[in-house]
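Colleague:
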Amino acid sequence: MKQYRFLSLTALLAGATIFSSCDDDPEPVIVPPTESGIIEVDGGGAEYPNTAFIQFRTGTQTAVARESWDLAFSSGSDFKVLINGTTGAMASATGKTDISTVGADEIAAAEASGELILTFTNLEGILHVDDAANPLTNPAIASISSTDAENEVYLLNRGTSAATERPWKKIRITRNGTGYTLEHADADSDTFTSLEVSKNAEDNFVYVSFENGIVEVEPAKAAWDIAWTAGTSSTPYPDATNGTLAYFFQDLVYSNIYGGVGVAQVVETDIAYSDFTEADVFSLTFSTNNRLTIGSSWRSGGGPSSSPAVKEDIYYLVKDAEANIYKVRFLSLTKDGERGKPSLEFELVSEEL
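For the sequence shown, the residue numbers in mature numbering (1 follows the signal peptide of the UniProt record, and there is no 0) are -22 to -1, 1 to 331.
1. Could you spell out the range, first to last residue, of the alpha helix (DSSP H) harbouring D164?
2. Buried or exposed: where does G137 fall if 16 or more other Cβ atoms within 10 Å of its Cβ makes it buried?
3. In this structure, what does DSSP give as the bridge partners for I151?
4. At what residues does the alpha helix (DSSP H) containing E102 begin and finish?
5. Where does the unbroken beta strand (DSSP E) through I16 begin, and where does it stop?
6. Would you grab the beta carbon distance between T210 and G63 for me? Rounded to a whole angstrom, and I think it's under 8 Å.
7. Mind checking V175: buried by the 16 CB within 10 Å criterion, or exposed?
8. Can you tell which of T255, F226, I95 has its C-alpha closest to the C-alpha of V244?
9. Within a Cβ cutoff of 6 Å, which residues of the same chain sit near K297, ignoring the five residues on either side of it in sequence?
10. If A110 and S212 are in contact, beta carbons under 8 Å, what's the gap, nearest whole angstrom?
11. Quick check on this structure: which residue in L101, V80, P197 has the alpha carbon closest to the alpha carbon of I149?
12. Within 10 angstroms of the Cβ of S52, are there 16 or more other Cβ atoms? Answer buried if so, exposed if not.
13. Take every Cβ of the stretch 14 to 34, pair it with every Cβ of the stretch 42 to 52, and state whether three or more of those distances are shorter than 8 Å.
14. Just to check my reading of the structure: I77 and V131 have Cβ atoms closer than 8 Å, yes? What is that Cβ distance to the nearest angstrom?
15. Helix, strand or coil: which one does DSSP assign to V259?
16. So, for P145: in the same chain, excluding its five sequence neighbours on each side, which residues have a beta-carbon less than 7 Å away from its beta-carbon?
17. Applying the 10 Å Cβ sphere with the 16-neighbour rule, what's the burial state of A69?
18. Closer than 8 Å by C-beta to D108: which residues in its own chain qualify, once you throw out the five before and the five after it? Chain order, please.
19. When you compare each of S261, G318, A299, G103 to residue 402 by their alpha carbons, which one comes out closest?
20. Count the other CB atoms, across all protein chains shown, that sit within 10 Å of the CB of L309; report buried if there are 16 or more and exposed otherwise.
21. Would a C-beta distance cut-off of 9 Å place residue 333 and E329 closer than the cut-off?
22. With burial defined as no fewer than 16 other Cβ atoms inside 10 Å of the residue's Cβ, what is the status of V231: buried or exposed?
23. For V185, which of A50, S275, G237 has the nearest alpha-carbon?
24. Give the secondary structure of S275 by DSSP, where H, G and I count as helix, E and B as strand, and everything else as coil.
25. Measuring CB to CB, does I16 end up less than 9 Å from E323?
26. In chain order, what residues of the same chain lie with their CB nearer than 8 Å to the CB of P286, ignoring the 5 residues before and after it?
27. Determine the closest residue to K147 out of S55, T159, L133, with distance taken between C-alpha atoms.
28. Is it the case that the Cβ atoms of E93 and L105 are separated by a distance below 9 Å?
29. Which of helix, strand or coil does DSSP assign to E325?
30. Could you give the C-beta distance for Y294 and A242, rounded to a whole number, given that I count them as a contact under 8 Å?
31. Taking its Cβ as the centre, do 16 or more other Cβ atoms sit within 10 Å of V288, making it buried, or is it exposed?
32. May I ask you to list the residues that DSSP assigns as paired with G209?
33. Please state the DSSP three-state secondary structure of A50.
34. Taking 9 Å as the threshold (C-beta atoms), are T142 and T152 in contact?
35. Under a Cβ-count criterion, where at least 16 other Cβ atoms within 10 Å of its own Cβ denotes burial, should T65 be classed as buried or exposed?
36. Taking the alpha-carbon positions, what's the T38 to E161 distance?
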């Protein structure tokens, strides 16, 4: 529990005074986690323009426009780059390594095949999006090789879920010491722009916009737990021989698996939300490698046959980066009838188990 950390730190500070003439150093400030609250998610409205990053221990959220970024560069030990699934972006390798040689022919071939169009009829689409559950395990862009000649030029459809239609891009990414070099241009351009991207150990990813360069998107990796957004997801195709289908979905909830967050789902008939206590935590297994553990499971319906609605029979336990555990349940899908503004409640169950 949190007091153990406080006492340990206090003891160390007390011991240090033996070797120091200063005895008026301030006590460390310990900020207790938020006990409970209700959050009205700032998804931006019916067109769901925002991704809202939520942190329970501070009871806060950060809303960021989904189309404010194009590429996310991993700050981990790997060299991987994600495309913006929250706009339905898709990318495919061209087989070429010189960005200046990619143009009209490659665009025409991709448009004719439909491979970079995210629709229910594009059964090859799953090959050109990042893995929905754990993007770094299977990104649309291959891992960036230390051998420059192995890094291909990609065509990138920036996604149709945006306020304005934006031109396709061509990109090539190589390593630059411990960071990356990005070359990018409109897909039919004869020239390109180059940008150096350095990793940042405080963040899961460093984000880049083609228009604005390096941009702020998600909070520091230890400063958010879940994110409400729209984005690329996947589902088994009805004909099992065709495998999995990629599609675009509103009301996805991602958990911060790269920042150490774990999530477990609980059925109300097993343990009621109001009855769940710290003792019940030990019966759960927290998922730390699937950011879609919540995903769309908190709501039902939608499509041509029924209106979507919040499921009232399930809730979630969220373990944050400091091992505080919260129970979380969704209360509404809309605010004053408007989509893109759901609400949820949360309550602290356990501090640093």
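Glycine included, each C-beta is placed from N, C-alpha and C at the ideal position.
Modeller: In this structure, then:
1. Where D164 is concerned, there is no enclosing alpha helix (DSSP H), although the beta strand (DSSP E) it sits in stretches over 157 to 164.
2. buried
3. L160
4. From DSSP, E102 is part of no alpha helix (DSSP H); its letter is neither H nor E.
5. 14 to 18
6. 4 Å
7. buried
8. T255
9. G240, F264, I303
10. 5 Å
11. V80
12. buried
13. yes
14. 5 Å
15. helix
16. D164, A165
17. buried
18. L60, I61, G63, N116, P117, A118, T210
19. The structure shown does not extend to residue 402, since the chain spans only -22 to 331, so no value can be given for it.
20. exposed
21. Absent from the model: residue 333. The displayed extent of the chain is -22 to 331, so no value can be given.
22. buried
23. Val is not the amino acid found at residue 185; the sequence shown has Tyr there. Per the Cα distances, A50.
24. coil
25. yes
26. D229, R277, S278, G279, G280, L311
27. L133
28. yes
29. strand
30. 7 Å
31. buried
32. F227
33. strand
34. no
35. buried
36. 36 Å
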